[in-house]
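Student:
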Amino acid sequence: MSPAGFSCLLFIAVLVCHWVPAGCYANGKVAKACHGMEPSHHARGQSTPSPYILTVNATTYGPGDQILVVLSGSTYFTGFLLQARDTPNQGSASIVGTFTLMDPKRTQLLTCNKLKGSAVSHTTAVQKKEVAVIWTPPSYPAVQVQFFVTVVQEFKVFWVKLPGPIINEEGFTPNPTQPGTRTTPPSLQTTTTSILPEPMTSQGCGQSKSCLLDPPGCDPKEDPLCFFLSMTTEGPKLVMFELSGPADGYIAFALSLDTWMGNDDVYMCVKEGDRVSVSAAFVLGRTHPEDESQSGLSSVSWRLADGAIQCRFSRPVRLANQEPARYDLDRGYYLFLANGQSRKGVLLQHSRQPLISTQSKLITGPPEVLRGSRAPTLMKMHGSLMMLAWMLTGSVGTFIASFYKPDWPNQSLLGQKVWFQVHRGLMMLTLALTFASFCLPFFYRSGWSKGAGLHPYLGLSVLALSLIQPLMAAVRPPPDSGRRYIFNWAHFGFGTATEIMAVIAMSTGMRQSSLLLPQPWATHVLIGYVTWLVSFRTGFLIHMHCTCTLKKSLINSDQSELIPSDQSENNSLSAFMKSLLLAVFALGNAGFLVALLSSVAKL
7 MSPAGFSCLL
17 FIAVLVCHWV
27 PAGCYANGKV
37 AKACHGMEPS
47 HHARGQSTPS
57 PYILTVNATT
67 YGPGDQILVV
77 LSGSTYFTGF
87 LLQARDTPNQ
97 GSASIVGTFT
107 LMDPKRTQLL
117 TCNKLKGSAV
127 SHTTAVQKKE
137 VAVIWTPPSY
147 PAVQVQFFVT
157 VVQEFKVFWV
167 KLPGPIINEE
177 GFTPNPTQPG
187 TRTTPPSLQT
197 TTTSILPEPM
207 TSQGCGQSKS
217 CLLDPPGCDP
227 KEDPLCFFLS
237 MTTEGPKLVM
247 FELSGPADGY
257 IAFALSLDTW
267 MGNDDVYMCV
277 KEGDRVSVSA
287 AFVLGRTHPE
297 DESQSGLSSV
307 SWRLADGAIQ
317 CRFSRPVRLA
327 NQEPARYDLD
337 RGYYLFLANG
347 QSRKGVLLQH
357 SRQPLISTQS
367 KLITGPPEVL
377 RGSRAPTLMK
387 MHGSLMMLAW
397 MLTGSVGTFI
407 ASFYKPDWPN
417 QSLLGQKVWF
427 QVHRGLMMLT
437 LALTFASFCL
447 PFFYRSGWSK
457 GAGLHPYLGL
467 SVLALSLIQP
477 LMAAVRPPPD
487 SGRRYIFNWA
497 HFGFGTATEI
507 MAVIAMSTGM
517 RQSSLLLPQP
527 WATHVLIGYV
537 TWLVSFRTGF
547 LIHMHCTCTL
557 KKSLINSDQS
567 ELIPSDQSEN
577 NSLSAFMKSL
587 LLAVFALGNA
597 GFLVALLSSV
607 AKL
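Residue numbers (our numbering): 7 to 609.
1. What did DSSP end up calling residue 594 once you bin it into helix, strand or coil?
2. Return the CA-CA distance between residue 141 and residue 103, expressed in angstroms with no decimal places.
3. Within 10 angstroms of the Cβ of residue 176, are there 16 or more other Cβ atoms? Answer buried if so, exposed if not.
4. Specify the secondary structure class of residue 381 as computed by DSSP and reduced to three states.
5. With a threshold of 8 Å, are at least 3 pairs of Cβ atoms found where one atom belongs to the segment 385-399 and the other to the segment 435-442?
6. Terminal residues of the continuous beta strand (DSSP E) containing residue 427?
7. What are the boundary residues of the beta strand (DSSP E) that residue 262 is part of?
8. Of all the options 412, 251 and 464, which has the alpha carbon lying nearest to the alpha carbon of residue 553?
9. Per DSSP, residue 165 is paired with what?
10. Bridge partners for residue 345 per DSSP, in chain order?
11. Within the continuous beta strand (DSSP E) that includes residue 252, where are the two ends?
12. Within the same chain, show all residues whose beta-carbon is closer than 6 Å to that of residue 374, passing over the 5 residues directly before and after it, in chain order.
13. Span of the alpha helix (DSSP H) holding residue 237?
14. How big is the Cα-Cα spacing for residue 508 and residue 529?
15. For residue 37, which residues in the same chain have their Cβ closer than 7 Å to its Cβ, ignoring the five residues on either side in sequence?
16. Using the C-alpha atoms, what's the distance from residue 458 back to residue 447?
17. Counting C-beta neighbours from all protein chains within 10 Å, is the total for residue 1 16 or more, i.e. buried, or is it exposed?
18. Can the beta-carbon of residue 503 be found closer than 8 Å to that of residue 464?
19. Do the segment 118-127 and the segment 66-74 make contact, defined as three or more Cβ pairs closer than 8 Å?
20. Using only CA atoms, which one of 428, 397 and 234 lies nearest to residue 249?
21. Straight-line CA distance for residue 581 to residue 421?
22. DSSP state of residue 543, grouped into three classes?
23. Along the chain, where does the alpha helix (DSSP H) that runs through residue 5 open and close?
24. With contact counted as at least three CB pairs below 8 Å, one residue from each stretch, are the segment 215-230 and the segment 269-286 in contact?
25. Near residue 462, which residues of its chain fall below 8 Å by C-beta distance, leaving aside the five closest residues on each side in sequence?
26. Compare the C-alpha of residue 204 against each of 169, 279, 480 and 310 and name the closest.
27. For residue 170, does the three-state DSSP call read helix, strand or coil?
28. Would you tell me roughly how many angstroms separate the C-alpha atoms of residue 90 and residue 70, rounded to the nearest one?
29. Under 8 Å by Cβ, that's how I've got residue 260 and residue 272 pegged, so tell me the actual separation to the nearest angstrom.
30. Taking the straight line between their C-alpha atoms, what separation do you get for residue 4 and residue 406?
31. Could you pull the start and end residues of the alpha helix (DSSP H) that residue 512 belongs to?
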């Protein structure tokens, strides 16, 4: 297979894994769920009694014993994750012992807590009613061991960390268990939620609480489109968070050590029908959240009304049993604020760039109103340089070459005609700006922008055509050559195509999530610029046609005596007027450019 074909298949595979998680986890490679044993299915585990049961063939164990562990059920299941844990310590570090497979075609070993073979999962999503494995105790003492299993019946139906049998080390006497008691697995424990009695407000921002708002100064009580995040310190040990945004699907914020997505502590308010689910999770990169739970959250309340989704919860500054990637709040973080669509509680990728605080914020620090931006600095520079290149320097440079050769025929500058030197200088500057602009997204994305549609390909076309022009000019034939007209038409054709491509690239660029300019205002400004450009070019083309027609008619009629004696003065006046019109044209272009750049600066 060719490299291009392999890249295409790889890209499709990444997309499938991103949007269809069920298919991508069907192979049982779920080692990243070792800690919480919760599938990344973006849904909550069942709280109803499970139809599945774990059984073992012994109640005690000794060194070198082999314990038969069987998972069975009254109905089929498609996936599972099985572990054995030291009961005094139910964290991920308590995983003990190793497993041996009895049916390698349907089961496989996983490495959890850096211990090879310490967990077992499925190999395919084929339905099954029973699986059996052998468990071998650890070489070090573990006086009491309990088996746990997560069972997936189908993508949205699963039971998390079901408790199984407890076996004791030989010679150990367990404490008696009170009859009728049952321990609820941590994954099934839920935080009691309530309805917010009234909408949130930005009142007190900068005085009693820290706030991040978009647009700046908005109030979630009055504007459902206001993106709002607040943090209020409740004594030395608790922080209360408030979150509000449009009720499209979900609103979320993340604590990050930098301004890049990845390794972030995430908190989400997700619309699920007529209620809101509040949970914490972890994001490794540009992927779905993982290890979603309500662990550590308290005083949870929410509101879904007036076109807004709002939630409030409290979290300890430091968690007693540190969850994976749960950050302590007594240090500084960059804040990410994002929203997007959800489907039956499953989060879809956000269509807009997250709002990112411009500086790191100490969560327990003094109250302040934070500033944020949805456009990274590199992408702002990318858009600004490209617009500067093709709305000003490139546009004016081609305009001079098209219409000002006759008006500046004899003047020279550094051994070349003035119009040529100005044209060449502006176009070389345009090429430099285009090249610099084209490189910036690569630095930001660390590679090709795969999710930007046609825009990067249009940008590449603009750069390629821009590079062809000076190469073609370097080998052009002399002015008196019979082949000169080929160069003239090719130079004109490639230049026109480049300008058209640049306008289309700018049109698609201003709709990218990383540089989303306000619509439809930005599009209207670009349409105004194109109209301005076409109007001037059309007017000058008509003027050139009329001038040429008049000269030809005078020459053909041999009425040279009708040409006024002060023709040179008229030519000078015409050249002055055209120079004035050039200034007007350049200032008009600059006006449209400034209008768009001001929008970029506000992002």
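Ideal placement from N, C-alpha and C gives every residue a C-beta, glycine not left out. Owing to the predicted nature of the structure, the values given are computational and were not obtained by experimental measurement.
Tutor: By the coordinates alone:
1. Under the three-state reduction of DSSP, residue 594 is assigned to helix.
2. So the two alpha carbons sit approximately 7 Å from each other.
3. Residue 176 should be labelled exposed.
4. Residue 381: coil per DSSP, three-state reduction.
5. Contact between the segment 385-399 and the segment 435-442 is present, because at least three Cβ pairs lie under 8 Å.
6. Counting along the chain, residue 427 falls outside any beta strand (DSSP E), though it belongs to the alpha helix (DSSP H) covering 424-451.
7. For residue 262, the enclosing beta strand (DSSP E) has its first and last residue at 255-262.
8. The residue with the shortest Cα to Cα distance from residue 553 is 412.
9. Per DSSP, the beta-bridge partners of residue 165 are 157.
10. Its beta-bridge partners are 257.
11. Note, residue 252: beta strand (DSSP E), 244-252.
12. Apart from the 5 residues on each side of it in sequence, residue 374 sits with its Cβ closer than 6 Å to the Cβ of 212 and 216 in its chain, given in chain order.
13. Segment 233-240 is the beta strand (DSSP E) holding residue 237; no alpha helix (DSSP H) there.
14. Those two C-alpha atoms are separated by around 14 Å.
15. Counting only residues of its own chain and dropping the five nearest sequence neighbours on each side, residue 37 has a CB closer than 7 Å to the CB of 116, 117 and 118.
16. Spanning the two alpha carbons is a distance of roughly 11 Å.
17. Nothing about residue 1 can be reported from this structure: the residues present for the chain run from 7 to 609 only.
18. No, the pair does not count as a contact, with Cβ atoms beyond the cut-off.
19. They do not touch, by the three-pair rule.
20. Ranking the options by Cα distance to residue 249, first place goes to 234.
21. Each residue's alpha carbon lies about 22 Å from the other.
22. Under the three-state reduction of DSSP output, residue 543 falls in the helix class.
23. The question about residue 5 has no answer, for the chain in this structure spans 7 to 609.
24. Cβ pair count under 8 Å is below three, so no.
25. The beta carbon of residue 462 lies closer than 8 Å to those of 447, 454 and 455 in the same chain, with the five residues before and after it left out.
26. Out of 169, 279, 480 and 310, 310 has the C-alpha closest to the C-alpha of residue 204.
27. DSSP, reduced to helix, strand and coil, places residue 170 within a strand of the structure shown.
28. Computed Cα separation, rounded: 16 Å.
29. That pair is a contact at about 5 Å.
30. Since the first and last residues shown for the chain are 7 and 609, residue 4 lies out of range.
31. Note, residue 512: alpha helix (DSSP H), 490-515.
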